[in-house]
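Notes to accompany the following structure.
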Amino acid sequence: MGAEERLKELGLTLPMAPKPVANYVPAVRVGELLFLSGVLPMRDGKLQAQGKLGRELTIEQGYAAAKLATLNALANMKQELGSLDRVTRVVRLVGHVASVEGFVQHPAVMNGASDLLVAVFGEAGRHARVALGAAELPMNAPVEIEMIVQVQPQA
Amino acid sequence: MGAEERLKELGLTLPMAPKPVANYVPAVRVGELLFLSGVLPMRDGKLQAQGKLGRELTIEQGYAAAKLATLNALANMKQELGSLDRVTRVVRLVGHVASVEGFVQHPAVMNGASDLLVAVFGEAGRHARVALGAAELPMNAPVEIEMIVQVQPQA
Amino acid sequence: MGAEERLKELGLTLPMAPKPVANYVPAVRVGELLFLSGVLPMRDGKLQAQGKLGRELTIEQGYAAAKLATLNALANMKQELGSLDRVTRVVRLVGHVASVEGFVQHPAVMNGASDLLVAVFGEAGRHARVALGAAELPMNAPVEIEMIVQVQPQA
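Chains as they are written, first to last, in our numbering: chain A, 13 to 167; chain B, 13 to 167; chain C, 13 to 167.
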């Protein structure tokens, strides 16, 4: 089963791919590697959560925000590649978690991203991961996700 | 028009390429990819701005600092490649913006880097971007920039 | 002399490769590039230091923590490749240093990682580097290290 089919089975719909509002682009490909811009937990052009872990958000809410941010990354991939089925491997995921002093459970939050990637891509969704705490993130987002994926060569 | 010519037209001069003062190097190339070390807003070996956004620096000052840090990255590229004209694409830009509690306009600061890259490289300057807030940066710098660019194969 | 022999000469033993406890993996290879997950200063499954630079840890202790985290990255490489001798170049090192307000000597801390890499890999250990301050890191770790290395093609 391909990623597109799995996504459907999971009952997930991709948000609109976020539009860069400055001099950058959602993704750049070099050979087999697709480098994706940072994404936030947006839907319909609106952040769905704001604030920091350890204060405004529980771990469960952070997990959901990481999942939604990752759906935005998938939307960017689909826009770039035409189909998620052209992703052959998720290579690296870096997750930045806005954290108040003393919040150190970033891995539990980032599982929202990692679990989704494995649900959608299966074994090919298993990635190298870096989980970090951030002082502040753009627009007061609770999480920001950046990814590199491997893709099929262009026809 | 190539990047070197555009740089001249813009009236910009590159700072001295920053010298690593430890066991690392300004850039490492693997195939078509050139990975660059993090750079700060330096000129003549001196930081031109210090402090955090939301306190010591305005957004305009942060924008200027991001631009200057990026000029340092260009200086590293030129030192490595001989000419900026050998850069075929700016792949990824990550910008770390030193932020006080509540400062969340990192994208506006990072536009100082993105706008310069497009001014110098044209369409090839459009990159995947990640804008982040940092708790602290080396030497109390307000911004730190890291980049990956695609380069022409070696002759 | 190869990296494995140098490691022995230095009297260093690798810690157990850290086991990912979620849906990710220690490393992903694409062509010549090996992308490694973030690593902390662990030994025998236990963090050997906790807290922030500028409060709980001195620079010397941070240097030691960066070195130990890097040994964990080496353990991951060895697990993935069979031997460190298959690493042909250390490409990029990003170091996140948990920092209290006002701590800005991240480069001095990260030298613990850089010095080890050059001691083990020689000239091939010289890397592009990014040193950053983090608000918080997983499990209250003082440093987190992420790396990309170039490896010999698979036989």
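Ideal Cβ positions, reconstructed from N, Cα and C, are used throughout, including at glycine.
Across the set C:L96, C:L65, C:G74, C:A153, the C-alpha of C:L65 shows the shortest separation from the C-alpha of C:F115. Within the stretch 90-111 of chain B, H108 place their CB atoms closer than 7 Å to a CB of chain C, listed in sequence order.
As DSSP reads the structure, A:V99 sits in a beta bridge with A:V163. Using a Cβ-Cβ cut-off of 8 Å, B:E148 counts as an interface residue toward chain C, since at least one Cβ of chain C sits closer than that to its own. Where A:F133 is concerned, the enclosing alpha helix (DSSP H) starts and stops at 118-133. With a contact defined as Cβ atoms closer than 8 Å, A:L129 and A:L105 qualify at about 7 Å.
Residues P27, P30, V51, M54 of the same chain have their beta carbon placed closer than 6 Å to that of C:N84, with the five preceding and five following residues left out of the count. As computed with DSSP, B:R41 is found in a beta bridge with B:L46. Under the three-state reduction of DSSP output, C:L149 falls in the coil class, being neither helix nor strand. For C:S126, the nearest beta carbon of chain B is closer than 8 Å to its own beta carbon.
Judged by DSSP in its simplified three-state form, B:G107 adopts strand. For A:G134, no Cβ of chain C is located within less than 8 Å of the residue's own Cβ. For B:E92 against B:L46, the beta-carbon gap comes to about 7 Å, under 8 Å, which counts as contact. The stretch 153-160 of chain B makes contact with the stretch 56-74 of chain B; the number of CB pairs closer than 8 Å reaches 3 or more. Residue pairing by DSSP places C:E156 opposite C:H108 in a beta bridge. Looking only at C:E135, C:E158, C:I71, C:E148, the smallest Cα-Cα distance to C:R18 is reached by C:E135. Note on C:L86: 16 or more other CB atoms within 10 angstroms of its CB, so buried under the neighbour-count rule. Here the C-alpha atom of A:S49 lies approximately 14 Å from the C-alpha atom of A:L149. Judged by DSSP secondary structure, C:R18 falls within the alpha helix (DSSP H) whose first and last residues are 15-21. With a threshold of 16 other beta carbon atoms within 10 Å, B:M159 meets it and is buried. About 16 Å separates the beta carbon of B:G145 from that of A:A77, a gap too long to meet the 8 Å contact definition.
When Cβ-Cβ separations below 8 Å define contact, C:N35 makes contact with chain A. C:K58 carries a strand assignment under DSSP once its states are collapsed to helix, strand and coil. Within the same chain, L46, L48, N88, E92 come within 6 Å of C:A39 by CB-CB distance, once the 5 residues on both sides are set aside.
Per the coordinates, the alpha-carbon of A:V132 lies some 48 Å from the alpha-carbon of B:K20.
When the five nearest sequence neighbours on each side are left out, the beta carbons in the same chain lying within less than 6 Å of the beta carbon of B:R101 are those of A136, Q162, in order along the chain.
The C-alpha of A:Q73 lies about 12 Å from the C-alpha of A:V109. Per DSSP, reduced to three states, the secondary structure at A:A34 is coil, with no helix or strand assignment.
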